[in-house]
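Going line by line, the protein sequences match chains A and B. Counting in our numbering, the first sequence runs from 12 upward without gaps. Counting in our numbering, the second sequence runs from -1 upward without gaps. Every residue gets a Cβ at the ideal spot worked out from N, C-alpha and C, and that includes glycine.
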Amino acid sequence: MRCRSPMRVDLILANWTLFAAGVWMTLQLTLLALLIGFCIALPAGLARARRQRFWSPLLQGYVYLFRGTPLLVQTYLIYYGLSQFAFVRESWAWLVLRDPWWCALIAFSLNSGAYATEIIRGAVETTPKGEAEAAMALGLSPRQRDFLVLIPSALRRALPQYGNEVVFMLHGSAVASVITLQDILGVGRTLNARFYLAYEGILTAALLYMAITFVLVGLFRMLERRYLRHMRPRSA
Amino acid sequence: MENLIRYVPLLLNGVLVTVALALISLLFATLFGALGAAGRISRRPLASGAVLLYTTLVRGIPDLVLLLLVYFGGQRLLNNLASFLGLGPVSLSPFWAGVVAIAFIYGAYLTETFRGAYQTIPHGQVEAAQALGLRGFALHWNVTIPQLIRFALPGYANVWQVLVKSTAVVSVIGLEDLVGIANEAGKTAREPFIFYMAVLAVYLFITWISTTLFEAMERRYAVPLAHAR
């Protein structure tokens, strides 16, 4: 019995194109989910912050459901769960819902939307009243006040928390591998299974995720330096 | 629906596994977090550097990836260790692989929580305690730790809520937790949607109970001076 096997780096390098495709799929899923989630969260967060009579309680339920349960189960519910119903299988939606990629994207988008709604709600609620008053004093219409003053101001202050959400979504996207998708982790697991490896494939996946995480963290630090400059402690 | 009711005893077993996994992981994560915070606060550059490396690494890796690494890689490591020591085969169960991975991840988050809480304690309090002759264990047990609990509780509650949801991924390596059992039962009963909805309901229930408990604890550890008249 061979006791201490060396790392099979050669197999990883020989299959680097698979990993490149995996990185592409992970980035695609993560970024699209973030984008769709943001489109849900901006109106939803505003409605929540303003205690909109009809939408606010509904959105609260949505946020509670998606933030209070595991992303893995949400993904299962959409991919495996919906196929239970004959009317789903017979409708046009089945073209989308039988495809794991679309199911993952739907689950991730709804999940990210819920977290981002809460972030934007918090940022809008903590906007100093003076900013709204200043906008009114300048004679801006309510719409102009929202789009030129309040939303940009809230989004800037939401930046640090949103950066965390971006990393959270990147890591959450590894769930895609469980519903057969060949994202970074999916490729790692396939490689492990094909060559009977113990950890090389997954270790490579871990390193790739780590690298992408650090790039994203660095990117957000840059954005914060730029957009939160006015909030940095001033030296006398 | 009748199928779901038929499977209730089995699903309750799954809930027990999920809760046990979460609680045992939290216990070890707290231990890692306490050690990590102690290392990070200490003035030894080697210790604080090692902890910084640990927290940075963990924050870069998804929970599912670390879990698979621990489960498959850890098994190989255990095999090598056992054959080196001349022991028979040792196997790593999905449950304990889950505990190791989850405790390792959330230990890193708790390190930051505890460190932040410790730094909130005004240094004058430590000096006052020293002036009263308290040292070492007595100082920490009577002065810093009670306050540390107060300051750390909100962050701790947060980590717990995230940790509970994280346990779901352990079903991927075959643990018969709530998710694992609902997976199988839903397939057998051909009603996966209903079974997953039940799983979501259980997680929401756990979240709700934990929120209630942590709020009670936060009241218990709230600033006692606030009530002085």
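Contact list for residue i against chain B, beta-carbon separation under 8 Å
i: M221 of chain A; result: L55, G58 and I59
i: Q172 of chain A; result: Per Cβ cutoff of 8 Å: no residues; Q172 of chain A is ~13 Å from chain B at best.
i: Q155 of chain A; result: In chain order: nothing, as chain B lies at least about 37 Å away.
Whole-angstrom C-beta distance between residue j and residue i, which should lie under 8 Å
i: Y201 of chain B; j: T86 of chain A; result: Actually they do not touch by this definition, with Cβ atoms about 14 Å apart.
i: L70 of chain A; j: A55 of chain A; result: 5 Å
i: G114 of chain B; j: G153 of chain B; result: 7 Å
i: L248 of chain A; j: Y194 of chain B; result: Because chain A spans 12 through 247 in this model, residue 248 of chain A falls outside it and cannot be assessed.
i: L24 of chain B; j: W139 of chain B; result: Between W139 of chain B and L24 of chain B the Cβ distance is about 22 Å, and since that is not below 8 Å, they are no contact.
i: F225 of chain A; j: L170 of chain A; result: That belief does not hold up - the Cβ atoms of F225 of chain A and L170 of chain A are roughly 18 Å apart, past 8 Å.
i: P87 of chain B; j: A80 of chain B; result: 6 Å
i: F102 of chain B; j: V167 of chain B; result: Not confirmed; about 14 Å, so no contact.
i: V63 of chain B; j: A216 of chain A; result: 6 Å
i: A183 of chain B; j: L8 of chain B; result: 6 Å
i: V84 of chain A; j: V177 of chain B; result: 6 Å
Residue environment, residue i, which counts as buried when at least 16 other CB atoms sit within 10 Å
i: F237 of chain B; result: Any question about residue 237 of chain B goes unanswered here, given that chain B covers just -1 to 227.
i: Q193 of chain A; result: buried
i: A226 of chain B; result: Confidence is the limiting factor: at A226 of chain B the pLDDT is only 48, short of 50, which leaves the residue's position unreliable, though a coordinate-based value still follows. Per the 10 Å Cβ criterion, exposed.
i: T37 of chain A; result: buried
i: E211 of chain A; result: buried
i: L133 of chain B; result: Inspection of the sequence shows that residue 133 of chain B is occupied by Arg rather than by Leu. It counts as exposed.
i: L46 of chain A; result: exposed
i: M12 of chain A; result: With a pLDDT of 43 at M12 of chain A, under the threshold of 50, the predicted position of this residue should be treated as unreliable, and no value is reported.
i: F30 of chain B; result: buried
i: H182 of chain A; result: buried
i: I23 of chain A; result: buried
i: K185 of chain B; result: exposed
i: Y91 of chain A; result: buried
i: C50 of chain A; result: exposed
i: G47 of chain B; result: exposed
i: P120 of chain B; result: exposed
Per-residue contacts from residue i into chain A (C-beta, under 8 Å)
i: L2 of chain B; result: The contacting residues do not exist; L2 of chain B stays about 12 Å from chain A at best.
i: F70 of chain B; result: N203, A209, Y210 and I213
i: V177 of chain B; result: P81, L83, V84 and Y87
i: V170 of chain B; result: L83 and V189
Contacts that residue i makes with chain A (C-beta to C-beta distance below 7 Å)
i: V167 of chain B; result: L83
i: T205 of chain B; result: G79
i: V63 of chain B; result: A185, L196, I213, A216, A217 and Y220
Contacts that residue i makes with chain B (C-beta to C-beta distance below 7 Å)
i: G92 of chain A; result: P190, F191 and Y194
Where residue i meets chain A, residues with beta-carbon distance less than 9 Å
i: V197 of chain B; result: T80, P81, V84, Y87 and L88
Q) Mind listing which residues of the stretch 181 to 209 of chain A have their C-beta closer than 9 Å to chain B's C-betas, in chain order? A) L181, H182, G183, S184, A185, V186, S188, V189, I195, L196, G199, R200, N203, L208 and A209
Q: Mind checking the stretch 59 to 82 of chain A against chain B and listing, in chain order, the residues whose C-beta falls within less than 8 Å of any C-beta there?
A: Y75, L76, G79, T80, P81 and L82
Q) Which of the residues in the stretch 28 to 53 of chain A, read from start to end, lie with their CB under 9 Å from any CB of chain B? A) none
Q. Given a limit of 7 Å on CB to CB distance, which residues of the stretch 102 to 127 of chain B reach chain A?
A. none
(Q) Closer than 9 Å between beta carbons: that is the criterion. Which residues of the stretch 225 to 241 of chain A meet it against chain B? (A) F225 and V228
Q | Interfacial residues, the stretch 73 to 90 of chain B to chain A, with Cβ spacing under 8 Å | A | Q73, R74, N78, S81 and F82
Q. Going along the chain, which residues of the stretch 111 to 142 of chain A sit with their C-beta nearer than 9 Å to a C-beta in chain B?
A. none
Q | Contact residues within the stretch 97 to 111 of chain A, judged by C-beta distance below 8 Å to chain B | A | none
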